[in-house]
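Below is one structure; the comments refer to it alone.
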Amino acid sequence: MPLDFTMSLMSVAEFALWATLAFLFWKKGLHKRFPALNVYLALRVGSMPILLGLLYVQAQPWGHQYFPFYFYPSWAVYIASAIILFFVTLEIFRSVLSAFSGLMRLGTVVFRWVALVSAVASLGSVSYTHPSVALIPDFALALMRSVSILELCLLAFLGLCINALQLSFKDLAVGFGLGFGFMSANDLIYAALSPGNSSLNAPLQFAYEGVILLSVAMWVAYCAMPERVRKPVVMPANSTIYRWNEIAAALGHGTQVAVQQPANSFFLTDVERVVEKVLTRNLQGNESK
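In UniProt numbering, the protein residues as written are 1 to 289.
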């Protein structure tokens, strides 16, 4: 089915936003800080005009014979995007915890295990009994679903720990994490509400595309603004997150961690009383002699 004029306009606007984001991203040298995100942006900017052109051709009444030329490249890009997004999510997670080396190292290990479990659970739901071309979309959607779960976990982590980590919503890593979290929630909601063979001109598709436009526009605003310089994080020695970071830094290095226990004032008071009684008795005995 040919694209509606409004949907075509939204698709062109999405490509323009991705291109603007990529330009600002590379201009500010952010590809050195976020190399995986740099690869993802290059994939989106490079593949989107080609896929839009192929979609336009195969959507024409005379273009049904060109459907394979759009089907295989589009799902190949989708699978590649899912794989790259795993590294992008890990990259943002490590950037958020960069001030806490111990928690970052331990969190990276936990993140990889969660990603493995999520991928196995999602890909295990795909039926491989009858291999065919129809298996490609099922496999790609299951893989992207596992990555979306990780992005939602990152969004929940930012919401719960942003104050404890002394981060700001103006931080670039936080902005990217929020955007990917919103987009993953958008994907899961669309997959749950969309019928099997929904039209590209359906109202739900417009809402889905609108969330993508807002997320990319938010990233453009983040990259356009002067980047907020991170200040050294100063934590009191008795803070919980400081102790967690010290314990996490010591794990796996054979270091003995000394956990401070509060002094028992009642026990010391009893000991002092016993000592005073013994000294008093001894003095009384000496005086009687």
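Note that the Cβ used here is the ideal one computed from N, Cα and C, for glycine as well.
Identify the continuous alpha helix (DSSP H) that holds residue i and give its terminal residues.
i, result
"L58", "Reading off the sequence shown, one finds Gln at residue 58, where the question assumed Leu. Q58 -> alpha helix (DSSP H) spans P35 to Q58."
"I149", "L135 to C161"
"L213", "P203 to A224"
Compare the Cα-Cα distances from residue i to each of the options and report the closest residue.
i, options, result
"G53", "L37, L188, S74 and P35", "S74"
"I247", "I50, F100 and E14", "F100"
"W18", "R243, C223 and I241", "C223"
"I79", "M7, L135, F176 and F169", "L135"
"F139", "G107, L9, N163 and A82", "A82"
"S194", "N186, A185 and L204", "L204"
"A122", "P131, R112 and S146", "Per the sequence presented here, residue 122 reads as Ser, with Ala not at that position. Of the listed residues, the one whose Cα sits closest to S122 is S146."
"N38", "F176, M144 and T240", "F176"
"V211", "S168, I189 and F169", "I189"
"F34", "D187, L172 and N245", "L172"
"A217", "S132, F180 and Y128", "F180"
"S184", "S168, A156 and N163", "A156"
"F169", "K27, A192 and A221", "A221"
"Y72", "V133, G124, R243 and A192", "V133"
"R112", "W62, L141 and F93", "F93"
"L167", "D187, Y242 and S98", "S98"
"A76", "N186, M144, T240 and A191", "M144"
"residue 330", "N163, W244 and P137", "As shown, the chain starts at 1 and ends at 289. That puts residue 330 outside it, with no answer to give."
"Y242", "N186, M104, T89 and D187", "M104"
"T240", "N163, M225, N186 and H130", "N163"
"W244", "E91, M225 and G107", "G107"
Kindly indicate which three-state DSSP category residue i falls into: helix, strand or coil?
i, result
"Y242", "helix"
"F169", "coil"
"P24", "One detail in the question is off: residue 24 reads as Leu in this sequence, not Pro. Helix."
"T6", "helix"
"V126", "coil"
"A19", "helix"
"A99", "coil"
"V110", "helix"
"L188", "helix"
"H64", "helix"
"S74", "helix"
"S194", "coil"
"L30", "coil"
"E227", "coil"
"E14", "helix"
"S132", "coil"
"A164", "coil"
"R105", "helix"
So, residue i versus residue j, is the Cβ gap smaller than 8 Å?
i, j, result
"V114", "C161", "no"
"L158", "L178", "yes"
"W219", "L43", "no"
"F15", "M48", "yes"
"M7", "F206", "yes"
"H31", "F25", "yes"
"G102", "A249", "yes"
"V96", "V174", "yes"
"F87", "A36", "yes"
"E209", "M10", "yes"
"Y70", "Q60", "no"
"L213", "A13", "yes"
"Y40", "I84", "yes"
"A142", "S127", "no"
Of all the CB atoms in chain D, is at least one closer than 8 Å to the CB of residue i?
i, result
"L9", "As a matter of chain content, chain D is missing from the structure shown, which is built from one protein chain."
*Touch check for the stretch 138-153 and the stretch 116-126: three-plus C-beta pairs under 8 Å?*
At 8 Å Cβ cutoff, the stretches touch.
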